[in-house]
Amino acid sequence: GLHPFGWQGIIPRKARKMSDIVVDRVINRMGSVSDFLHQMEPEKVAAYVAESVSANIEEYTDEVMRERNSLFWDNLPVSVKSMVYAHVRSRLPRIMDRVVQSMISQIDDLVDVKEMCGRQMEADRALVVRMFLEVGDKEVRFIINSSFWIGLAFGVVQMVLFWFIPWHGLLPLYAAVLGLLTNWLALAMVFRPVNPVRIGPFTIQGLFLRRQAQVADKFATISSQEILTVHQFMLEVLTGSRSERARRMIHKHVNRLVDESLLARTGAQVAFGAAGFSDLKTLITDKSVEMALKPLSNQRFNRERATELADLFARKMKELTPAEFQDLLRPAFQ
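So the sequence shown is residues 409 to 742, counted in the numbering used here.
Right, dumping it as structure tokens:
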């Protein structure tokens, strides 16, 4: 499609629209966000985050404390610091586990899937193109190849008509009508007939519908490994349009951790002041978000968690009737 200052392919230009179609017609029909995340075993997600956090307690604690009041932290006796590390190590993994589990249990209220997918596909238009071409590879090639022969046949018809009605003003009309007919016929051959029709020894059905099992497997793999990943969900929960609620949940746990820690009894409240000590809790909340997202960006972990979701997606898509199945992605092809 033409832009004011250049050219962009139709598929990437329609990234948001295609994303909305996929969410409305496919993802929302396959289940709720809660269903998806429970397929990814939330207890393993929480344990993975807690383990990663626990391994980096000293680094995280030093970073937060030095950012807020390096003079106070650097002058604390090593023995006191060690006790702070020990307290945080004993409590923070459990807190992270509780936070992740509670966020997953309330995930339907914390995530707008359409917004999440739309933003992701607009930011990565190459993903939209790849998804469209990988899922509908054979159909796209069929439309291209068949359109040539259909167009050629219609072109012969146009020549005959022009022989009898040699009016040049009709040529643009011929081109428009025959172009539309070519596209309509090629698309119809991909999606029609919906149900198998036997004609003698042959069974005829739309190309896309004959490949329902293959399309389901491919779509399920791409969706679970690149769009509906643990990292993508948690990124949306913690930084998306509804993230304030999730941050309040974390802040509540952080408050308890800091107030019960040795910090509250080592002169920290005096050194930081009331406002500074409150800011410290907010800083720890922000750091906790970063700490949770860092391990969840691991590609291998996301792919491992995606396996069950891919199976669920593929199974549900294969259970659809041909009519239901063609309704899923036909609007995107059109």
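Every residue, glycine too, gets a C-beta built ideally from N, C-alpha and C.
All of these numbers come straight from a predicted model, not from anything done at the bench.
Residue i vs residue j beta-carbon contact at 8 Å
i           : j           : result
residue 449 : residue 713 : yes
residue 444 : residue 636 : yes
residue 528 : residue 716 : no
residue 508 : residue 700 : yes
residue 542 : residue 626 : yes
residue 442 : residue 516 : yes
residue 500 : residue 646 : no
residue 659 : residue 702 : no
residue 383 : residue 711 : Only positions 409 to 742 of the chain appear in this structure, which leaves residue 383 out of reach.
residue 438 : residue 721 : yes
residue 691 : residue 538 : no
residue 650 : residue 518 : yes
residue 534 : residue 629 : no
residue 550 : residue 602 : no
residue 726 : residue 468 : no
residue 693 : residue 653 : no
residue 526 : residue 462 : no
residue 429 : residue 536 : no
residue 586 : residue 562 : yes
residue 490 : residue 657 : no
Start-to-end residues for the alpha helix (DSSP H) that takes in residue i
i           : result
residue 715 : 707-727
residue 629 : 620-630
residue 520 : Taken as a continuous stretch (DSSP letters only), residue 520 belongs to no alpha helix (DSSP H), as it is neither H nor E.
residue 428 : 423-430
residue 636 : Element bounds for residue 636: n/a, residue is neither H nor E.
Segment limits, beta strand (DSSP E) that includes residue i
i           : result
residue 611 : 610-612
residue 606 : 605-607
Status (buried if at least 16 other CB within 10 Å, exposed otherwise) for residue i
i           : result
residue 452 : exposed
residue 486 : exposed
residue 498 : exposed
residue 723 : exposed
residue 704 : buried
residue 422 : buried
residue 410 : A caution first: residue 410 carries a pLDDT of 48, below 50, which makes its placement in the model unreliable, though a value can still be read off. It counts as exposed.
residue 512 : buried
residue 683 : exposed
residue 709 : buried
residue 631 : buried
residue 440 : exposed
residue 576 : exposed
residue 484 : buried
residue 540 : buried
residue 573 : exposed
Threshold first: 4 residues or longer. Then list the alpha helix (DSSP H) segments lying entirely within the segment 529-595, N to C.
533-543 and 545-572
As an exercise, report each continuous alpha helix (DSSP H) stretch of at least 4 residues that is fully enclosed by the segment 441-518, in chain order. 441-447, 450-463, 465-482, 486-513 and 515-518
Using a Cβ distance threshold of 8 Å, determine whether the segment 726-734 contacts the segment 611-618, with at least three qualifying pairs required. yes
Counting beta carbon pairs with one atom in the segment 433-441 and one in the segment 491-503, are three or more of them shorter than 8 Å? no
Does the segment 501-519 come within contact of the segment 606-613, defined as at least 3 CB pairs closer than 8 Å? no
- Query: Counting pairs of Cβ atoms below 8 Å between the segment 641-658 and the segment 558-566, do you hit three or more?
  - Reply: no
Within the chosen definition, does the segment 548-558 reach the segment 583-594 through at least 3 CB pairs nearer than 8 Å? yes
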